[in-house]
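Chemist:
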Amino acid sequence: MAQIQEQLENIPGYDIAMDKFNEVAGEKFNTMDPFEDENGKRRKLNPEVYSKKEQQAWRKIQRQAWIDDKCFLGSCGVGMDCGIGLAPVACFFIPALGPLMMYVIHARLISIAEKQFFINHQLEAKLHSNIIFDLLISLPPVIGGFLTWLNGCSTRNAGMIYKHLERLAAEKQNNERPQYVGTSEQQQHPLYQNYARSQNYNPPPQKKSIFKKATEDPIQVSSQQQSGHAGAMLQARQLGKELYVGVHSDEDILHNKGPVVMNLEERLTAVEACKWSTKAIPNAPYVTDPEFMAKYDCKYVVHGDDITTDANGEDCYKGVKELGLFVVVKRTPNISTTDLVGRMLLMSKSHHFKPIASLLTALEHPLFSNEDALKRFEMYASDVTGNAKGSAVFVQVDSEDGVRTIVEPSTAVKDKISKGYVYVDGAFDLFHPGHIEALRRVKESAGDSAVVVGIHDDKTINIHKGMNYPVMNLFERSLCVLQCRYVDAVVLGAPWRVTREFLKKVPGEVMAVYHGPAEFEKGSYDGVSDLVKEIGPHKFDNINTAFIVNRVLDNKKAYEERQRRKGWKAEIEQKLRADEQKGTKVGY
């Protein structure tokens with residue numbers, strides 16, 4: 001081998017080619033050592049962010065990379081001219097089998113990472129590109145260059161995974177880690193001391209133990225409409241074993257903010273359907289009361305990093321902040337009730353996304369080429385804890401292949417879908433109790449089968465319904481459906497007409513196709529008529545998207561006044577937030 005290496009190095013242009021290869025690698029791929037840092041210490045995940053199980057998973061990735069690149073599979077003597085292992089020898093003597101063997105070996109590390117962590121599709125593509133790049137270099141008879149590249153593929157990939165996990169940890173610490181609001185002076189206030197004694201309350205924990213403490217206590221979130229607060233509910237659920245969601249009365253919302261779009265019963269139904277909610281609490285006070293929290297044994301109240309004020313312009317959480325009971329989470333850029341009302345009143349369509357016609361357009365589509373959007377899909381597809389894999393996210397493209405997987409489900413959900421699923425499709429615009437009750441009934445009828453929901457794209461809905469429908473775009477509608485506890489998977493861009501060819505693309509056997517009380521075009525289910533089942537009447541079957549829109553339009557003046565008040569209150573809330581940031585936050 002050493003003689004072959006020497007002969008190859010004498011080939012004209014060999015040094016230039018290898019320098020170019022290394023230059024490209026430095027730009028495109030990771031060159032960081034995943035085993036040790038600059039001081040020679042073993043690289044570990046941040047223990048303040050990652051659990052012991054996740055740290056063990058990272059060590060497993062390190063071990064696998066070592067086996068692939070520095071043991072008998074890759075090279076027993078890295079850096080030595082004669083240090084070659086089983087895989088390089090196989091590639092040299094069996095050209096057809098060798099590259100395949102190499103791909104399987106290095107792809108195994110990616111598989112381990114995907115099972116243990118959230119790996120977005122952009123990173124996944126880069127990891128596989130690392131392997132493919134090495135394979136392409138192995139095709140020409142340049143064995144020296146091939147060995148150079150082979151002895152580091154899994155090592156480079158492990159380094160990329162480590163950087164990804166460290167970046168996520170930094171984001172969580174800087175942006176999403178909860179903040180306890182209050183001051184040490186306020187915690188000495190007699191009111192605080194009396195409350196602490198009466199409730200046997202412990203002060204907010206120090207930085208090192210904040211997550212551990214939060215997971216031991218029930219947490220309360222105040223909400224008036226679930227669809228605009230799912231992101232906050234998800235983050236709150238990640239902090240505790242139980243999440244109690246306080247839902248304000250119609251009268252309180254009318255007095256402090258303006259007319260409601262959905263009444264109390266409808267909003268309670270929405271909150272109860274959210275998979276991260278433990279219990280919905282009706283008639284929660286608009287100004288959060290510590291005694292109301294104590295009634296449900298809630299230790300902390302969670303809210304986004306914005307300020308919410310009452311009718312008088314006072315901070316709704318001032319009291320619990322002074323007692324050190326308030327936890328701040330990063331406000332996610334969800335669509336708000338105010339935004340939706342604005343779209344209804346203005347009849348705008350600027351929020352619509354272009355359709356997904358092919359795999360090429362799917363890869364270029366802003367929903368799937370944007371890392372933030374992919375991260376949101378992964379977050380909303382998480383399980384009931386908000387910390388592990390849960391639902392699947394598929395996208396339908398016009399090809400003979402199966403649906404493309406955007407978010408991998410948990411092993412349990414994947415097995416459930418493969419054993420059999422029921423299908424229901426629709427627009428799911430302004431996700432409302434009519435949708436929720438229909439999905440609950442489908443889930444109930446499905447038994448052990450998975451519930452797969454097809455969601456039509458914006459153009460398809462607009463063609464069939466006209467005006468400015470859908471009011472919510474595909475991204476917003478899919479997040480609403482994903483947070484619902486009755487859903488196991490969604491298919492984005494589902495066809496208007498259901499066919500057996502389409503249903504076969506989903507990785508499982510379809511058991512039934514459901515539709516609700518809404519009228520549908522003749523022929524929409526002709527190809528699967530033997531599978532079709534009706535959901536049947538229910539208490540919310542009179543509610544549809546048009547019903548909600550008409551509620552707003554019938555009270556146009558009242559909602560326009562609500563929008564005006566929102567602007568007035570925003571100025572006050574901005575000032576309160578600026579004052580708070582000057583020195584009232586403690587903890588993180």
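Following the numbering used here, the numbering of the sequence shown begins with 1 at its first residue and continues without gaps. Every residue, glycine too, gets a C-beta built ideally from N, C-alpha and C. In this text, all values refer to a predicted model and were calculated from it rather than measured experimentally.
Can you check which of these residues, L430, D339, S382, E501, is closest to E400 by C-alpha distance?
Modeler: Selected option, being the one with the closest Cα: E501.
Chemist: Would you kindly report the start and end of the unbroken beta strand (DSSP E) that includes D425?
Modeler: 421 to 426 is the extent of the beta strand (DSSP E) around D425.
Chemist: Considering only residues of the region 248 to 293, which uninterrupted alpha helix (DSSP H) runs meet the minimum length of 4 residues and lie entirely inside it, listed in chain order?
Modeler: Those alpha helix (DSSP H) runs which fall completely within the region 248 to 293 and span 4+ residues are 250 to 256, 264 to 273.
Chemist: Suppose the cutoff is 7 Å on Cβ atoms and the five residues either side in sequence are ignored; what does the same chain contact list for M379 look like?
Modeler: Counting only Cβ-Cβ distances below 7 Å, and skipping sequence neighbours, we find L234.
Chemist: With T405 as the anchor, note down where its beta strand (DSSP E) starts and where it stops.
Modeler: From DSSP, the beta strand (DSSP E) with T405 extends over 404 to 407.
Chemist: Please list, in chain order, all residues of the same chain as G402 whose beta carbon is under 7 Å from its beta carbon, the five residues on each side excluded.
Modeler: So the list reads K505, P507, once near-sequence residues are dropped.
Chemist: Which term fits H456, buried or exposed, when burial requires 16 or more other beta carbons within 10 angstroms of its beta carbon?
Modeler: By the 10 Å Cβ count, H456 comes out buried.
Chemist: Helix, strand or coil, according to DSSP, for S391 in the structure here?
Modeler: In the structure shown, S391 sits in coil (DSSP, three-state: anything other than H, G, I, E or B).
Chemist: Under DSSP, the alpha helix (DSSP H) around F377 begins and ends at which residues?
Modeler: F377 -> alpha helix (DSSP H) spans 371 to 380.
Chemist: May I have the straight-line CA-CA distance separating E291 from Y300, to the nearest angstrom?
Modeler: The alpha-carbon atoms of E291 and Y300 are separated by roughly 12 Å.
Chemist: Does the count of Cβ pairs from the region 445 to 453 and the region 405 to 424 closer than 8 Å reach three?
Modeler: Judged by Cβ distances under 8 Å, the region 445 to 453 makes contact with the region 405 to 424, as three or more pairs qualify.
Chemist: Considering only residues of the same chain and omitting the five flanking positions on each side of P34, which have a CB-CB separation below 7 Å?
Modeler: Same-chain partners within the cutoff: R43, Q62, A65, T155, A158, G159, Y162.
Chemist: Within 10 Å of its beta-carbon, does M102 have 16 or more other beta-carbons around it, so buried, or fewer, so exposed?
Modeler: Looking at its Cβ environment, which holds 16 or more other Cβ atoms inside 10 Å, M102 is buried.
Chemist: Considering just the uninterrupted stretch of the alpha helix (DSSP H) at M511, what are its terminal residues?
Modeler: No alpha helix (DSSP H) contains M511, which is instead part of the beta strand (DSSP E) from 510 to 515.
Chemist: Let me make sure I understand the geometry here. Which of P537, N473, K115 has the alpha-carbon closest to that of T411?
Modeler: Closest option to T411, Cα to Cα, is K115.
Chemist: Leaving out five residues before and five after C274 in sequence, what residues of the same chain have Cβ atoms less than 8 Å from its Cβ?
Modeler: Contacts found: Q226, A230, M233, V245, Q483, C484, R485.
Chemist: Would you kindly work out how many angstroms separate the C-alpha atoms of N46 and N39, rounded to a whole number?
Modeler: C-alpha separation (whole angstroms): 17 Å.
Chemist: Would you mind reading off the limits of the alpha helix (DSSP H) that contains E230?
Modeler: According to the sequence as given, residue 230 is Ala; it is not Glu. Counting along the chain, the alpha helix (DSSP H) containing A230 begins and ends at 230 to 237.
Chemist: With a Cβ-Cβ cutoff of 8 Å, do L109 and D134 count as a contact?
Modeler: Cβ distance not < 8 Å, so L109 and D134 don't count as in contact.
Chemist: May I ask you to report which of helix, strand or coil DSSP gives Y486?
Modeler: Three-state result, Y486: coil.
Chemist: Given 8 Å as the limit, is there contact between the region 539 to 555 and the region 428 to 441, that is, 3 or more CB pairs closer than that?
Modeler: Judged by Cβ distances under 8 Å, the region 539 to 555 makes contact with the region 428 to 441, as three or more pairs qualify.
Chemist: Please go through the same chain and pick out, in chain order, the residues whose beta-carbon is closer than 6 Å to the beta-carbon of Y296, but skip the five residues on each side of it.
Modeler: Within the same chain, Y296 has close Cβ partners Y244.
Chemist: Rounded to the nearest angstrom, what separates E36 and L374 at their Cα positions?
Modeler: So the alpha carbons of these two residues sit roughly 31 Å apart.
Chemist: Which value, in whole angstroms, describes the spacing of the CA atoms of A25 and A381?
Modeler: For A25, the pLDDT reaches just 47, beneath the cut-off of 50, and the residue's location in the model is therefore unreliable, although a value from the coordinates is still provided. Taking the straight line from one Cα to the other gives about 34 Å.
Chemist: For a test of the three-state rule: what should DSSP assign to I112, helix, strand or coil?
Modeler: Note: I112 maps to helix in three-state DSSP.
Chemist: Once you ignore the five residues that flank R237 on each side, which residues in its own chain have a CB closer than 6 Å to its CB?
Modeler: If we look at R237 and ignore the five residues flanking it on each side, its Cβ neighbours are L243, W276, G386.
Chemist: Using three-state DSSP, classify T308 as helix, strand or coil.
Modeler: In the structure shown, T308 sits in coil (DSSP, three-state: anything other than H, G, I, E or B).
Chemist: What is the rounded straight-line gap between the Cα of L239 and the Cα of R167?
Modeler: Approximately 20 Å, taken between the alpha carbons.
Chemist: Let me know the secondary structure DSSP gives V384 once reduced to three states.
Modeler: Here V384 sits in coil by DSSP.
Chemist: G258: buried (16+ other C-beta within 10 angstroms of its C-beta) or exposed?
Modeler: With 16 or more other Cβ atoms within 10 Å, it is buried.
Chemist: How big is the Cα-Cα spacing for H538 and D554?
Modeler: If you take the alpha carbons of H538 and D554, they lie about 25 Å apart.
Chemist: What is the DSSP secondary structure of D591, counted as helix, strand or coil?
Modeler: Residue numbering for the chain in the displayed model covers 1 to 588; residue 591 lies beyond these limits and cannot be assessed.
Chemist: Any idea what DSSP makes of F117, helix, strand or coil?
Modeler: It is coil, neither helix nor strand.
Chemist: How would you write the range of the alpha helix (DSSP H) that V320 sits in, first residue to last?
Modeler: Where V320 is concerned, the enclosing alpha helix (DSSP H) stretches over 318 to 322.
Chemist: On a CA-only basis, which of P285, V549, A311 is nearest M472? Give me that one, please.
Modeler: That would be V549, whose Cα lies nearest to the Cα of M472.
Chemist: Taking only three categories from DSSP, how would you classify D315?
Modeler: DSSP places D315 in strand when its eight states are reduced to three.
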